[in-house]
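Heads up, my numbering is the position in the sequence shown plus 390, with the first residue counted as 1. For each residue, glycine too, the CB sits at the ideal point set by N, CA and C. Below: the structure, in structure tokens.
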Amino acid sequence: MRFSNRPRYAISAMMNLALVKQQKSITLGDIAQLDNISVSYLEQIFASLRHHGLVEGIRGPGGGYHLTRAAEKITIAEIIAAVDKQPGKLNPLAIATNSVSEAERLWHDFSMRLYDFLNQITLADLARRWPHSHLGIKHGC
Numbered sequence: 391m392r393f394s395n396r397p398r399y400a401i402s403a404m405m406n407l408a409l410v411k412q413q414k415s416i417t418l419g420d421i422a423q424l425d426n427i428s429v430s431y432l433e434q435i436f437a438s439l440r441h442h443g444l445v446e447g448i449r450g451p452g453g454g455y456h457l458t459r460a461a462e463k464i465t466i467a468e469i470i471a472a473v474d475k476q477p478g479k480l481n482p483l484a485i486a487t488n489s490v491s492e493a494e495r496l497w498h499d500f501s502m503r504l505y506d507f508l509n510q511i512t513l514a515d516l517a518r519r520w521p522h523s524h525l526g527i528k529h530g531c
């Protein structure tokens, strides 16, 4: 299974935010440079993250984005759900009423198990394993 670029970039950007001091902001320009992605694409991703209450933007000098909650309280599943434009969940009612094929049931079950797995992994979990040297940001700066 492979995720589209949008969730992957969102997770990477959120990791950048998690690796700086809590409540310290980082600009989209800095994140774009670190992740080698266009600022305009990041703006779209961050609009979704903002809409779902995962990040907050600060305008003006010293502005940028920061996490709205501690990294321990944000799961990878939340990030993916916030930015993924391809909702992969089937209607639970349809599953209950036997109006879907066995293949659809299998994929629904797989999706739910994957969601449960990703819902157990937090940004803090990833931050403990993430190679800081690849981010261009020093932990705690």
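Buried/exposed call for residue i, threshold 16 Cβ in 10 Å
| i | result |
| --- | --- |
| residue 400 | buried |
| residue 436 | buried |
| residue 484 | In this predicted model, residue 484 has a pLDDT of only 45, less than 50, meaning its place in the structure is not dependable; the value taken from the coordinates is given anyway. Exposed, since its Cβ has fewer than 16 Cβ neighbours within 10 Å. |
As assigned by DSSP and simplified to three states, the class of residue i
| i | result |
| --- | --- |
| residue 457 | strand |
| residue 511 | coil |
| residue 419 | helix |
Short Cβ contact (8 Å threshold) for residue i with residue j
| i | j | result |
| --- | --- | --- |
| residue 461 | residue 508 | no |
| residue 444 | residue 408 | no |
| residue 439 | residue 472 | yes |
| residue 454 | residue 511 | no |
| residue 448 | residue 432 | no |
| residue 418 | residue 410 | no |
Span separating the alpha-carbon of residue i from that of residue j
| i | j | result |
| --- | --- | --- |
| residue 465 | residue 504 | 13 Å |
| residue 393 | residue 518 | 22 Å |
| residue 450 | residue 463 | 27 Å |
| residue 396 | residue 497 | 21 Å |
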